[in-house]
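> I have a structure here, written as structure tokens, and I will follow up with some questions on it.
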Amino acid sequence: MPSAIVIGGGLAGLSAAAALGSAGFRVQVFEARPFLGGRATSFPLASGDDSVLIDNCQHVLLRCCVNLLDFYGRLGVRDRIRFYREFYFIEPGGRISTLRRGALPAPLHFTGSFLRLRFLETGDKMAIARGLLALRRERTRRDDLDRITMLDWLREKRQTPRAIERFWQQVLVSAINEDIGRMAARHGFQVFWLGFLARADGYEMGVPAVPLGELYRAELWQAAGDVSLRLRTPVERIDADGITAGGERHTADYYICALPFERLPALGLPAPAFEHSPITGIHLWFDRPVTDLPHATLLDRTVQWMFNKSEGRYVQLVVSASRELTARSRTDIIELAVKELGEFFPRARQARLEKAHVIKELRATFSAAPGTEALRPPPETSRPDLFLAGDWTRSGWPATMEGAVRSGYLAAEGVARACGRPAHFLLPDIA
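Counting in the working numbering, the sequence shown runs from 11 upward without gaps.
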């Protein structure tokens with residue numbers, strides 16, 4: 011039985027391990043931390059005599075994330091993802107607009123609810139409609155989409171300021187974790203094509219119904235083949251004939267390095283010259299429910315998303331591309347979050363905040379800037395037995411959970427080819 015060592019227990023490494031395990035490989039996963047999932051995980055937050063399991067940041071997926079759903083299926087947890095067909099946009103003051111699909115086929119499935127959105131004026135909607143038609147037409151015709159920003163393209167298409175701020179930016183900054191003025195247009199095109207235009211159900215948002223760490227529990231791996239998990243075992247070195255982890259030598263026929271790109275130089279591997287883009291998650295517990303909505307995107311303020319984690323009393327707020335918050339104190343961020351939440355949900359102004367927690371993911375993703383795509387490496391390296399995985403590699407997607415899983419599957423395919431046992435794990439996009 012051929013063997014493989016996977017370095018890193020994030021989604022890229024775990025998906026590679028699951029794929030190779032299903033193909034008859036003996037796989038060992040080495041993870042430095044005491045839990046799996048990388049940046050998409052959960053951990054216990056101590057609170058007095060109790061502890062509560064919280065996600066490091068709310069992670070969601072769309073129905074078009076077919077490889078991520080396939081990975082969940084391999085571990086038997088696909089039914090623990092709850093999908094929603096409605097997107098709630100809330101303006102300061104509390105007015106709600108709902109975007110949902112109707113009876114028309116794609117790409118016209120949003121027509122009815124889009125026309126009824128109250129946070130956009132008629133001129134904004136006409137501009138957006140023109141932009142979406144142009145995006146559909148130009149996505150395969152232009153060769154400059156990795157050289158210009160999404161904002162450049164939107165201005166070229168004469169989008170109104172309100173359409174840019176309340177629609178394009180609001181959707182894309184959360185999907186790509188980057189501002190549209192810093193984001194390569196190709197990534198914005200991909201989000202809107204696959205998520206909003208290609209198929210009527212591609213936009214449906216999946217939110218894990220359990221803490222993220224529950225999706226990768228050790229007992230779930232029995233269905234993945236001969237896969238062993240080595241937690242609290244950081245890899246210190248990669249050599250020509252093996253790895254050193256926890257002070258011990260380990261060898262295998264093949265190796266997959268699925269670490270964040272900034273960790274590679276410490277292991278003697280070259281790293282691409284990427285910048286990071288941060289995400290901030292803000293957890294708030296109140297003494298009473300502050301909302302009945304399961305989730306909402308919040309307009310015109312710093313906080314972009316609200317997720318109802320438990321009966322409206324525990325909510326998680328998310329700020330993507332949160333550079334302006336990185337230097338601010340925990341107290342300042344909590345005060346800002348509570349103030350803004352009260353502008354959207356009046357009940358929050360009467361509620362008492364019982365506890366709060368702030369998580370700054372300063373290295374959440376790479377910045378999807380113009381020109382970055384050419385720097386993303388393929389899974390193959392100069393060594394025939396060593397492969398790379400990670401959402402920063404050339405996965406065909408931006409830095410998302412889907413991108414991470416795609417990279418893991420591509421690395422696993424590389425290992426299978428090198429072993430003379432070619433296999434296909436990567437599923438094609440929905441369009």
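Note that beta-carbon positions come from the ideal geometry of N, C-alpha and C, so glycine has one too.
Identify which residue in I440, A14, G18 and A33 has its Cα closest to the Cα of A234.
Looking at the Cα atoms, A33 is the closest of the given residues.
> Does DSSP put G252 in a helix, a strand or coil?
Three-state result, G252: strand.
> DSSP three-state label for Q232, please.
Here Q232 sits in helix by DSSP.
> Quick one: Cα of L346 to Cα of L335, how far?
Cα to Cα, the separation comes out at about 10 angstroms.
> Could you round the C-beta distance between I17 and L269 to whole angstroms and report it? I think they count as a contact, below 8 angstroms.
That pair is a contact at about 6 angstroms.
> A374: which of R404, L385, M411 and E321 sits nearest, CA to CA?
Per the Cα distances, M411.
> Where do the ends of the beta strand (DSSP E) carrying K319 lie?
W315 to S320 is the span of the beta strand (DSSP E), which, as asked, contains K319.
> Let me check one thing: in DSSP terms, what residues is P54 bridge-paired to?
Partner(s): L63.
> Quick one: is D342 buried, meaning 16 or more other Cβ sit within 10 Å of its Cβ, or exposed?
Exposed is the call here.
> Could you spell out where the beta strand (DSSP E) holding E444 opens and where it closes?
Look at the range of the chain in this structure, 11 to 441, and you will see that residue 444 is not part of it.
> Looking at C-alpha atoms only, which residue of L118, R338, Y419 and R126 is the closest neighbour of L372?
Measuring from the Cα of L372, the nearest candidate turns out to be R338.
> If I measure Cβ to Cβ from P387 and keep anything under 8 angstroms in the same chain, skipping five residues before and after, which residues do I get?
Around P387: P282, L398, T403 and R404.
> Please go through the same chain and pick out, in chain order, the residues whose beta-carbon is closer than 6 angstroms to the beta-carbon of C429, but skip the five residues on each side of it.
Once the five neighbours on either side are set aside, the close Cβ partners of C429 are P12.
> From R242 to N66, what does the alpha carbon distance come to, in whole angstroms?
Those two C-alpha atoms are separated by around 18 angstroms.
> State whether the stretch 163-173 contacts the stretch 113-133, with contact taken as three or more CB pairs (one from each stretch) at a distance under 8 angstroms.
In short, these stretches touch, since the Cβ pair count reaches three.
> Cutting at 6 angstroms between CB atoms, please list the residues of its own chain near G122, excluding the five before and the five after it.
Taken in chain order, the residues that qualify are G112.
> Please confirm if the stretch 286-306 is in contact with the stretch 324-335, defined as three or more CB-CB distances below 8 angstroms between the two stretches.
Verdict: yes, contact present.
> Taking the beta strand (DSSP E) that W402 belongs to, which residues open and close that run?
First-last for W402: undefined, no H or E at that position.
> Using the three-state DSSP reduction, which class does K167 fall into: helix, strand or coil?
It is coil, neither helix nor strand.
> With C-beta atoms as the reference, is K365 less than 7 angstroms away from W295?
It is a contact, given that the beta carbons lie within the stated cut-off.
> Leaving aside the five residues before and after S320 along the sequence, list all residues of the same chain whose C-beta is less than 8 angstroms from its C-beta, in chain order.
Contacts found: none.
> For M215, report the span of its beta strand (DSSP E) as first-last.
From DSSP, the beta strand (DSSP E) with M215 extends over M215 to P218.
> Would the stretch 99-109 count as touching the stretch 351-360 if we require 3 or more Cβ pairs under 8 angstroms?
Touching, per the Cβ criterion.
> May I ask which residues mark the beginning and end of the beta strand (DSSP E) holding L269?
Taken as a continuous stretch (DSSP letters only), L269 belongs to no beta strand (DSSP E), as it is neither H nor E.
> Quick check on DSSP: helix, strand or coil for V7?
Here the chain covers residues 11 to 441 and nothing more, so residue 7 does not appear.
> In three-state DSSP terms, what is F177?
Here F177 sits in helix by DSSP.
> Is the stretch 40-53 in contact with the stretch 186-204, if contact means three or more CB pairs nearer than 8 angstroms?
With a cut-off of 8 angstroms, the stretch 186-204 and the stretch 40-53 do not count as touching, because too few Cβ pairs lie within range.
> To the nearest angstrom, how far is the alpha carbon of F486 from that of I253?
Only positions 11 to 441 of the chain appear in this structure, which leaves residue 486 out of reach.
> State the beta-bridge partners of G291 as determined by DSSP.
Answer is V328 and I369.
> Within the same chain, show all residues whose beta-carbon is closer than 8 angstroms to that of R90, passing over the 5 residues directly before and after it, in chain order.
Closer than 8 angstroms at the Cβ level, and outside the excluded window around R90, lie Y82, P218, A219, V220, E224 and L225.
> Leaving out five residues before and five after E96 in sequence, what residues of the same chain have Cβ atoms less than 8 angstroms from its Cβ?
Within the same chain, E96 has close Cβ partners T108, L109 and R110.
> Helix, strand or coil for T375? Go by DSSP, reduced to three states.
Three-state result, T375: strand.
> Write down the C-beta distance between E146 and P117 rounded to the nearest angstrom, noting that I regard them as a contact closer than 8 angstroms.
Note that residue 146 corresponds to Arg in the displayed sequence, not to Glu. Yes, they are in contact, since the Cβ atoms of R146 and P117 sit about 7 angstroms apart, within 8 angstroms.
> Looking at the structure shown, is A194 part of a helix, part of a strand, or coil, going by DSSP?
Strand.
> Could you compute how far the alpha carbon of D439 sits from the alpha carbon of G400?
Approximately 18 angstroms, taken between the alpha carbons.
> Measure the Cβ-Cβ separation of V39 and L30 and say whether it is below 7 angstroms.
For V39 and L30, no; Cβs fall outside 7 angstroms.
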